[in-house]
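Undergrad: Have a look at this one.
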Amino acid sequence: MISAVGYSENEFSIDDPGRLCRGRERWIEPWPVEDPPESIFRGVISGATFEDDSARDALRGVQHSGISLLDVVAGLLGSKKFVAFMEDGHPADMPEEAEFIEAYTGYRYGGTRTEALVRWTVDSKGRESVAKLLGEDMNADRVRGFAVPRKGGDPERLRELLFLLTGMSTLDSPPARYQPAAIPEVLEEAELLVLLHRDKHGPAVGVYAPNHVDLAKLLEPLAGEVKALMVPFAIPPMLARWDRALSELRNRWDETADGEFPVPTAPEGTAWEGRGRRRRRRKDKREAEESAQQDEDELLSEEEDDDGVLELGEDSDEDENDDLAEEEDDFDDEDDDFDEDDEDDEDDEDDEDDDDEDDEDEDDEFDDDEFDDGVLEIGD
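This is how it looks when you write it as structure tokens:
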């Protein structure tokens, strides 16, 4: 299996926040914003494991890249102080250091009865604190996000804005967990906002900031440790197709500098492979079919040659034809002899006719003699 980490870096628009992972998460219906900021940076990190570049069997989520969710979040926060926050949490999952705790009742994921829910915040810093908040099960819904306060900012104001970000969330299916219209206001008090979005089979990390954040710089050493492939996306990975991103990465891949592309080619091909690659695939297929046909023709020719081998004492077809020709010549010679015999018989018949004519002449001469003998002379 191939492990890969996917990431995107885009501008985030309040007017058109776009979708989140289909069937897994959606935005809270936003309220209108009169003067939206010109630009907000949005980066999304996710991962996947798959067998080939079709990615049909892909398992999607940060942990499937081989990089832990803890490594990603702790790497983004670094050593800076942060405020972790939770909405619609389970009371049993509330951390000991939680502050500003509010308990209320609500429906969990389309349930038919109400349950006890809590919201809270935690001010902390460091990797160990992040690990406690995330827990051992990285897929568990134990914390919604992290905000890094600006220096000299108002902590109370930041907590109020975090409530606007998550306070109107619903636990329907799919759940609506964040208010996009509140993000610009949160970034007025925070220099970095990290939200835990959902991908198909695990969490994805959303990074929101007033300025650009170099995610590749963060992910390269982490990916190198687990030998995960770095895959850039044009849109957030939880919305995109991995086969298309892999196809575009293959087209840009420099085999001279980076070696062979590490993802095997799908046997049936993909819809996103380049035109040149499709042509090469079709050419190879055509050449393979022609070679197979040629081998089949040669095999049939050899079988025909084997069937035509002469056994001892047998005559070939050419010898049989020669014998037939000789018999026809003998038959023609016999016909000629027969014709000659007929001519001889005709000559004999002519001779007999001549003899008959001679006999007739003799008889005529005899009759004339007799007449001469019977003539009376005058005076007899």
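In my numbering, the protein residues as written are 963 to 1342.
Every residue, glycine too, gets a C-beta built ideally from N, C-alpha and C.
1) For the alpha helix (DSSP H) that I990 lies in, which residues bound it at each end?
2) Which same chain residues end up closer than 7 Å to M1130 when comparing Cβ atoms and leaving out the 5 residues on each side of it in sequence?
3) For E1000, which option in L1208, I976, K1113 has the closest C-alpha, if you only look at C-alpha atoms?
4) Does DSSP classify K1179 as helix, strand or coil?
5) If you draw a straight line from the C-alpha of P1199 to the C-alpha of L1262, how long is it?
6) Throw me the rounded Cβ distance for the K1094 and P1057 pair, which I believe falls under 8 Å.
7) Please state the DSSP three-state secondary structure of P1142.
8) W1082 and A1109 look like a contact to me (Cβ under 8 Å); what is the Cβ gap, rounded to whole Å?
9) Grab me the residues of V1167's own chain with a C-beta within less than 8 Å of its C-beta, minus the 5 sequence neighbours each way, in chain order.
10) Take N972 and list the residues in its own chain whose beta-carbon comes closer than 6 Å to its own, dropping the five residues that flank it on each side.
11) Considering only the beta carbon of each residue, do G1107 and V1080 sit closer than 8 Å?
12) Considering only the beta carbon of each residue, do V1225 and L1201 sit closer than 8 Å?
13) Under DSSP, the alpha helix (DSSP H) around W1204 begins and ends at which residues?
14) Please classify D1301: does DSSP put it in a helix, a strand, or coil?
15) Out of curiosity, what's the CA-to-CA distance linking D1116 and D1085?
16) Does DSSP put A1036 in a helix, a strand or coil?
17) Closer than 8 Å by C-beta to M1192: which residues in its own chain qualify, once you throw out the five before and the five after it? Chain order, please.
18) Using three-state DSSP, classify K1245 as helix, strand or coil.
19) DSSP state of R1004, grouped into three classes?
20) Once DSSP output is grouped into helix, strand and coil, what is the label at E1296?
21) Can you list the alpha helix (DSSP H) stretches of 4 or more residues lying completely in the region 1062-1148, in chain order?
22) At the level of alpha carbons, what is the spacing between D1176 and R981?
23) Of the residues Y1170, R1139, G1164, A1143, which one's Cα is nearest the Cα of A1152?
24) Under three-state DSSP, which class holds H1026?
25) Who are the Cβ neighbours of V1188 in its own chain at under 8 Å, not counting the five residues just before and after it?
26) Suppose the cutoff is 8 Å on Cβ atoms and the five residues either side in sequence are ignored; what does the same chain contact list for D1246 look like?
27) Looking at the structure shown, is F974 part of a helix, part of a strand, or coil, going by DSSP?
28) Measuring CB to CB, does V1148 end up less than 8 Å from L1127?
29) Could you give the first and the last residue of the continuous alpha helix (DSSP H) run that contains D1220?
30) Is it buried or exposed, A1078, if we count other Cβ atoms within 10 angstroms and call 16 or more buried?
31) Considering only residues of the same chain and omitting the five flanking positions on each side of D1312, which have a CB-CB separation below 6 Å?
32) Within the same chain, show all residues whose beta-carbon is closer than 8 Å to that of A1065, passing over the 5 residues directly before and after it, in chain order.
33) Go ahead and pull the three-state DSSP assignment for S1041.
TA: The short version:
1) Position 28 of the sequence shown, counting from 1, holds the residue named residue 990. Neither: I990 is in no alpha helix (DSSP H) and is coded neither H nor E.
2) Numbered from 1 along the sequence shown, position 168 holds the residue referred to as residue 1130. Residues of the same chain with a CB within less than 7 Å of the CB of M1130, apart from the 5 flanking positions on each side, are I990, Q1141 in chain order.
3) The residue you call residue 1000 lines up with position 38 of the sequence shown. It is I976 whose Cα lies nearest to the Cα of E1000.
4) Sequence index remark: in the sequence shown, residue 1179 carries index 217 (1-based). Of the three classes helix, strand and coil, the one that applies to K1179 here is helix, per DSSP.
5) Against the sequence shown, residue 1199 aligns to sequence position 237. Against the sequence shown, residue 1262 aligns to sequence position 300. Approximately 55 Å between the Cα atoms of the pair.
6) Against the sequence shown, residue 1094 aligns to sequence position 132. Against the sequence shown, residue 1057 aligns to sequence position 95. Confirmed, Cβ separation roughly 6 Å.
7) On the sequence shown, residue 1142 is found 180 positions in, with the first residue counted as 1. Looking at P1142 - three-state DSSP - the assignment turns out to be helix.
8) On the sequence shown, residue 1082 is found 120 positions in, with the first residue counted as 1. On the sequence shown, residue 1109 is found 147 positions in, with the first residue counted as 1. That pair is no contact at about 14 Å.
9) Sequence index remark: in the sequence shown, residue 1167 carries index 205 (1-based). Cβ neighbours of V1167 beyond the five flanking positions: V1006, I1007, S1008, V1024, L1031, V1034, V1035, L1038, V1156, L1157, L1158, H1159.
10) Locating residue 972 in the sequence shown gives position 10, counting from the first residue. For N972, where only same-chain residues beyond five positions count, the Cβ hits under 6 Å are R1004.
11) Counting from 1 along the sequence shown, the entry for residue 1107 is found at position 145. Counting from 1 along the sequence shown, the entry for residue 1080 is found at position 118. No. Outside cutoff.
12) Along the sequence shown, read from residue 1 onward, the residue named residue 1225 stands at position 263. Along the sequence shown, read from residue 1 onward, the residue named residue 1201 stands at position 239. No, Cβ-Cβ distance for V1225 and L1201 is not below 8 Å.
13) The residue labelled residue 1204 in the question sits at position 242 within the sequence shown. Taken as a continuous stretch (DSSP letters only), the alpha helix (DSSP H) holding W1204 covers 1204-1214.
14) By one-based count along the sequence shown, residue 1301 stands at place 339. Note that D1301 scores a pLDDT of 47, beneath 50, so its modelled location is shaky and nothing firm can be said.
15) Translated into the one-based positions of the sequence shown, residue 1116 becomes position 154. Translated into the one-based positions of the sequence shown, residue 1085 becomes position 123. Going by the C-alpha atoms only, they are around 13 Å apart.
16) Numbered from 1 along the sequence shown, position 74 holds the residue referred to as residue 1036. Three-state DSSP puts A1036 in a helix.
17) Here residue 1192 refers to the residue found at position 230 when the sequence shown is read from its first residue. So the list reads A966, V967, Y969, A1178, L1181, E1182, A1185, once near-sequence residues are dropped.
18) Mapped onto the sequence shown, residue 1245 falls at position 283. The answer is helix: DSSP assigns K1245 an H, G or I state.
19) As a working mapping, residue 1004 is identified with position 42 in the sequence shown. Of the three classes helix, strand and coil, the one that applies to R1004 here is strand, per DSSP.
20) Here residue 1296 refers to the residue found at position 334 of the sequence shown. Unreliable placement is indicated for E1296, whose pLDDT of 47 sits below 50; the coordinate value is still reported in the next sentence. Of the three classes helix, strand and coil, the one that applies to E1296 here is helix, per DSSP.
21) 1089-1096, 1117-1128
22) Locating residue 1176 in the sequence shown gives position 214, where the first residue counts as 1. Locating residue 981 in the sequence shown gives position 19, where the first residue counts as 1. Distance between the alpha carbons of D1176 and R981 is about 23 Å.
23) Here residue 1152 refers to the residue found at position 190 when the sequence shown is read from its first residue. With distances taken between Cα atoms, A1152 lies closest to Y1170.
24) Locating residue 1026 in the sequence shown gives position 64, counting from the first residue. Three-state DSSP puts H1026 in a helix.
25) What you label residue 1188 is simply residue 226 of the sequence shown in a count that begins at 1. Cβ neighbours of V1188 beyond the five flanking positions: S965, S1027, G1028, I1029.
26) Stepping through the sequence shown from its first residue, residue 1246 is reached at position 284. Counting only Cβ-Cβ distances below 8 Å, and skipping sequence neighbours, we find nothing.
27) Here residue 974 refers to the residue found at position 12 of the sequence shown. Three-state DSSP puts F974 in coil, outside helix and strand.
28) Start at 1 with the first residue of the sequence shown, and residue 1148 comes out as number 186. Start at 1 with the first residue of the sequence shown, and residue 1127 comes out as number 165. Contact flag set, yes.
29) On the sequence shown, position 258 is the one that residue 1220 refers to. Element bounds for D1220: 1217-1220.
30) Within the sequence shown, numbered from 1, the residue matching residue 1078 stands at position 116. Exposed is the call here.
31) Here the question's residue 1312 lines up with position 350 in the sequence shown. Only weak support exists for where D1312 lies, its pLDDT of 48 falling under 50; the value from the coordinates is given anyway. None.
32) Position 103 of the sequence shown holds residue 1065. Closer than 8 Å at the Cβ level, and outside the excluded window around A1065, lie P1053, A1078, L1079, V1080.
33) Position 79 of the sequence shown, counting from 1, holds the residue named residue 1041. S1041 falls in the coil class under three-state DSSP.
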